[in-house]
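Single-structure report; data block below.
In the numbering used here, the protein residues as written are 75 to 803.
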């Protein structure tokens, strides 16, 4: 007689064999599953939990794990390994087939009658032969193939392997798409290939996989992968390269191996072309990835070709008498040269120069092509210049299906004057793409503030071009505007921006006045948090008549901490949109990932070419609905996000200073505290302060603010572009 199910009470390793009677819960992304399983000899069903590919009622299984006690659901068997029985008899195969969509008992019997014990082999390797069976058409066949692939096919087997290695099963699809039937072999024998060849898998994941497979910590494969990973981290910090000794030291420390092993690995990577040795701007021997050394070379070659071209000199027209000498020099430079850099701080009249240059170009019937790295920067350029401006991605017509731009060397942009605003945001890859779409017939005007933060991506393009242009005999013209115009002379914001560049103490407006620049001391991160929330939601909107949700921007050096973007966004959302309709997005195990409400200010965090929205675009949530998704107004265009597409959005009441580049806001609140020590640099604070149009408030520690003002840019990037440009004369 069957006994009531009475599992052992220990946490020791155990095995359970049984039949799935009911699938209580299954998450397709994480594969977390709850099943009720009948076990021979027991009358009660066992609750079995763990991660597995799509489970089916009626499946025979063996699970390995342990018993534990859930506070709500009681005793359950938590497995870490699972095996589904493969039927070996005709009857077992028939029963398996009845679980396929469109296959009833009669059809299952026909299939087995036709193929016998080879049925599952046919399903695996020659599924279209099922059309030989009466009653199976193309539609039914496709359903059977899809089900088989998801349940027991190569992809399912790969996902099972990933589960055994305690890795997310959603990685299975990109791995399978890259390696096909070889995927399992690559995972088990060459896991570090995944870090190089599969998007979304980095060294850390591949290393975890390799260690689970028993690959030695000092193996050649691991050390070489670690060296490449160290180079990738350097790129994420904005570098195009690393000094050889620095690369050796960093990689050895990260991998926990000797520097000698790293040197040997590095030499091999150079020998096979995975790394390239070149000298940097200051002559230091550097290690590059082939991609980035080629990109810097391509940028230098393109600029050299444009500079060396025989451009028709433009006849100057009469310029307004109120232009400064520097502004006149800039207009004259574009009339005489193929490539001109225009730089200068706030209030120095860069926009005025751009308008004069556009007028000169129109007088000579030149095509005008205006662009900027981000949508917000392009919009500002368009407003200032009175001419259409586009993002560089839109200008070059990025093709999502190929990952390439439509315009390039084979299909360049039409000849004319190209104006690039916010050029300090150009990384070397984007600069390569843009210049690759130009010809020697183009004139190029690069406009930007070289004292702002450099690009998020690798490279120091604008700064390197300016460095090269400042050397005697350089064919690149560079004009730096320094005179602050009368309309900006009375601005405390502009004055403080220039004080920062000189390393001088900041000047604040008198408390209680409707001034432009204030510093409010904060005793701690918690105190700063409270001050920022009150300023953004009450004091500034009331005093300046601004909309706290859309016209007051909080800027932070970091995301984490009480004075970081994450905590401040949560608090500001609670103030601005409390009680509004909301939609929560949850992760695979029910954890809250995002919460959006009608009226929330949000930012796109990655390029989505199908929706025509880009990293850094900001909008306002107009509606939320679980079935119809989230609708966001992005500069007058309604964009719909369905399901997990909304994971590309974050709240934008508070953003990082890096993310604010290319934008201006009516009022800016900046947090600066001792915990931001590693980032306290002049260009960081300068970038934040110059985002404010009417008001800037610094909230934080006076010592931290002073450190930022006094500390030069620091952390100079390792690049080669200036050297390449200086060599082109």
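All C-beta atoms in this analysis are idealised placements derived from N, C-alpha and C, irrespective of residue type, glycine included.
Rounding to the nearest angstrom, what Cα-Cα distance links residue i and residue j in this structure?
i, j, result
"residue 76", "residue 117", "Per-residue confidence for residue 76 stands at a pLDDT of 48, beneath the threshold of 50, marking its modelled position as unreliable; the derived number appears in the next sentence. Approximately 5 Å, taken between the alpha carbons."
"residue 579", "residue 417", "24 Å"
"residue 396", "residue 403", "13 Å"
"residue 785", "residue 751", "11 Å"
"residue 228", "residue 286", "21 Å"
"residue 442", "residue 466", "14 Å"
"residue 756", "residue 127", "52 Å"
"residue 279", "residue 426", "51 Å"
"residue 726", "residue 634", "15 Å"
"residue 683", "residue 711", "14 Å"
"residue 347", "residue 365", "11 Å"
"residue 161", "residue 500", "60 Å"
"residue 111", "residue 230", "21 Å"
"residue 495", "residue 464", "10 Å"
"residue 453", "residue 446", "9 Å"
Less than 8 Å between the CB atoms is what I'm expecting for residue i and residue j, so what's the real figure, rounded?
i, j, result
"residue 762", "residue 734", "7 Å"
"residue 807", "residue 436", "Nothing can be reported for residue 807: it is not among the residues displayed for the chain, which extend from 75 to 803."
"residue 732", "residue 527", "6 Å"
"residue 385", "residue 412", "5 Å"
"residue 728", "residue 628", "4 Å"
"residue 536", "residue 520", "7 Å"
"residue 490", "residue 440", "5 Å"
For residue i, which three-state DSSP category applies?
i, result
"residue 682", "strand"
"residue 364", "helix"
"residue 359", "strand"
"residue 473", "strand"
"residue 154", "strand"
"residue 75", "Note that residue 75 has pLDDT 43, beneath the 50 cutoff, so the model's placement of it is unreliable and the number below is only indicative. Reduced to three states, the DSSP call for residue 75 is coil."
"residue 712", "strand"
"residue 382", "helix"
"residue 654", "coil"
"residue 536", "helix"
"residue 677", "strand"
"residue 802", "coil"
"residue 244", "helix"
"residue 615", "helix"
"residue 344", "helix"
"residue 211", "coil"
"residue 744", "strand"
"residue 603", "helix"
"residue 530", "coil"
"residue 132", "coil"
"residue 99", "strand"
"residue 203", "helix"
Applying the criterion that 16 or more other CB atoms from any shown protein chain within 10 Å of the CB defines a buried residue, is residue i buried or exposed?
i, result
"residue 794", "buried"
"residue 205", "exposed"
"residue 391", "exposed"
"residue 311", "exposed"
"residue 493", "buried"
"residue 653", "exposed"
"residue 240", "exposed"
"residue 702", "exposed"
"residue 370", "buried"
"residue 424", "buried"
"residue 667", "exposed"
"residue 195", "exposed"
"residue 807", "Residue numbering for the chain in the displayed model covers 75 to 803; residue 807 lies beyond these limits and cannot be assessed."
"residue 291", "exposed"
"residue 91", "exposed"
"residue 715", "buried"
Taking the DSSP output, what are the residues bridged to residue i?
i, result
"residue 89", "138"
"residue 111", "94 and 120"
"residue 630", "730"
"residue 478", "473"
"residue 352", "360"
"residue 704", "698 and 715"
"residue 106", "125"
"residue 266", "Paired residues: none, contrary to the question."
"residue 595", "774"
"residue 446", "465"
Taking 8 Å as the CB-CB limit, is residue i close to chain C?
i, result
"residue 520", "You won't find chain C in this structure, because it holds only one protein chain."
Any heavy atom of the ligand ADP inside 7 Å of the beta-carbon of residue i?
i, result
"residue 114", "Ligands in the displayed structure: none, and consequently the ligand ADP is not present."
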